[in-house]
Amino acid sequence: MDNNNNETLSILQFSILVYVFITGSAVVIGIGGEAKQNAWIAIGIATVCGMLLFRFYLWLLESFNQKNLLLLIETCFGKWVGQTIIVIYIFYFFYIAARVLRDFGELMVTTIYRTTPIEVVEILLMIVVAYVLKKGIEVLGRTSEVFIPYVIIFMIFIGLGVLITGELHFKNLYPILGDGVRPISKAIFPTLITFPFGELIVVTLLLTNITFKKKLNKITMLAIGVSGITLIYTSIIQVGVLGVYIKERTSFPLLSAAREISLMSFIERVDLIIVFTVMFGIIVKVSLFFYGGLRGLEHIFNIPYRKLVWPFALQLPFFSIVISQNVVEHVNEGLVIVPKYLHLPLQFGIPVLMAAILLTKKRLQK
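Structural data, given as structure tokens:
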């Protein structure tokens with residue numbers, strides 16, 4: 001079922017969602033750790049790979065005249081096998097939504113609500129997510145348009161803050177390629193390509209909502225490129241302020257870096273700005289993954305996804321709690337285990353297999 005009434009997105013709204021989706025939780029979690037002080041190089045290369053990967057997703061849909069990922073899967077594998085694979089993607093989307101929700105919960109109880117149970121924080125966020133999706137994906141797009149200027153201003157402020165206060169030490173970024181290219185390649189594959197860029201596979205479900213698709217490819221590539229620059233920027237701040245070893249031992253390095261800002265003993269605790277920025281990004285990211293899972297259920301059971309929002313939204317916070325025992329285990333799973341055993345098969349394996357099968361079918365038809 002493809003019920004998208006009153007759920008249109010402008011190309012600007014779509015590009016903003018792509019940008020916020022990529023930067024979401026990635027700005028606050030120290031990505032590219034394997035590359036150490038060269039994390040910014042690894043992120044730059046991964047950004048280019050991410051652009052090529054999303055272009056591959058678009059090519060798949062365009063070449064075989066399908067509106068979204070779910071229809072493409074059924075076209076390729078047939079109804080029964082296709083729906084089985086769709087169910088796998090449904091669990092995948094819900095699981096990643098729960099992981100991102102856990103990111104938010106851990107961040108909040110670590111920084112602001114230290115005496116508040118993490119379950120309460122996550123339930124409150126899911127109420128916001130459920131309300132937005134119940135109103136329609138267009139509401140998420142419009143909300144993103146409103147908040148994105150503040151996100152950009154705050155990110156610039158953090159960079160200027162650590163620079164003016166002298167907390168940013170560029171010597172921490174040296175030596176460049178001191179250990180060769182191997183650490184960089186290990187950081188890029190599979191971790192950085194799959195998280196956050198490969199996760200854009202869920203964004204393909206929004207393509208049916210876009211009103212003006214003529215410049216879709218260029219605008220999307222620009223959004224991915226700018227998000228990559230933002231991640232490079234935050235990586236330089238993290239390493240420049242904290243150094244490699246402290247960054248590796250910190251769950252939220254950008255937050256720790258922001259705490260070092262103190263201007264004239266007046267402007268302090270700017271880490272709360274990071275919390276606001278991440279809160280907005282995580283709302284978008286959880287919403288899109290949750291939306292992806294709901295759209296999968298809509299496709300299989302022919303039930304409008306909005307009717308499924310609240311029942312599943314109230315379960316996600318509790319699911320996010322049981323997937324990891326603590327924040328260290330949670331971060332380790334997200335950066336080491338999930339990329340290898342979930343992201344790679346579902347972001348690369350199945351799409352490449354579909355491309356091979358559909359190209360073979362086309363040749364046989366000729």
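Residue numbers for the sequence shown, in this note's numbering: 1 to 366. In this text, a Cβ means the ideal position worked out from N, Cα and C, and glycines have one as well.
By the Cβ-count criterion, K247 is buried, with 16 or more other Cβ atoms from all chains shown falling within 10 Å of its own Cβ. Taking 8 Å as the cut-off, the Cβ atoms of V338 and L101 do not count as close. Using a 10 angstroms sphere on the CB of D179, the tally of other CB atoms stays under 16, which defines it as exposed.
L359 carries a helical assignment under DSSP once its states are collapsed to helix, strand and coil.
The closest CA to that of Y89, considering only R363, S144, E199 and S235, is found on E199.
Judged by their CB atoms, G141 and L9 are nearer to each other than the 8 Å cut-off.
Its chain contains S15, V18 and F54 as the residues whose beta carbon lies nearer than 7 Å to that of T220, once the 5 sequence neighbours on both sides are disregarded; these appear in chain order. In the DSSP secondary-structure assignment, L263 is bridged to I267. In the DSSP annotation of this structure, the continuous segment of the alpha helix (DSSP H) that includes H330 starts and ends at V327 to N332. Taking a 10 Å sphere around the C-beta of H343, we find 16 or more other C-beta atoms and assign the residue as buried. I152 has its alpha-carbon roughly 22 Å from the corresponding atom of T111. For L9, the beta-bridge partners assigned by DSSP are I210.
Segment contact: the segment 23-43 against the segment 189-205, three or more CB-CB distances shorter than 8 Å; contact assigned. The C-alpha of N209 is placed about 29 Å away from the C-alpha of K361. G292 and L206 have their C-alpha atoms some 9 Å from each other. Within its own chain, the residues whose Cβ lies closer than 7 Å to the Cβ of E138, once the five positions on either side in sequence are excluded, are N6, E7, T8 and L9, listed in chain order. Counting other Cβ atoms within 10 Å of its Cβ, Q315 stays below 16 and is therefore classed as exposed. If you check the CB distance, M354 and L71 do not come in under 8 Å.
For the alpha helix (DSSP H) assignment, the uninterrupted runs of no fewer than 4 residues enclosed by the segment 118-144 are, from N- to C-terminal side, 118-135. For T194, the secondary structure class from DSSP, reduced to helix, strand or coil, is helix.
Counting along the chain, the unbroken alpha helix (DSSP H) around A46 starts and ends at A39 to S63. Residues L72, T75 and L358 of the same chain have their beta carbon placed closer than 7 Å to that of F64, with the five preceding and five following residues left out of the count. Cα atoms of F290 and L107: separation of roughly 20 Å, rounded to the nearest angstrom. Closest in C-alpha terms to V121, from the list D103, S185 and L168, comes D103. Going by C-alpha positions, F319 is about 15 Å away from V327.
With contacts defined by Cβ atoms closer than 8 Å, L168 and G240 form a contacting pair.
Excluding five sequence positions before and after F93, the CB atoms of its chain that fall closer than 7 Å to its own CB belong to V202, F289, G292, G293 and G296, given in chain order.
Nearest C-alpha to I237 among Q13, A39 and V20: A39.
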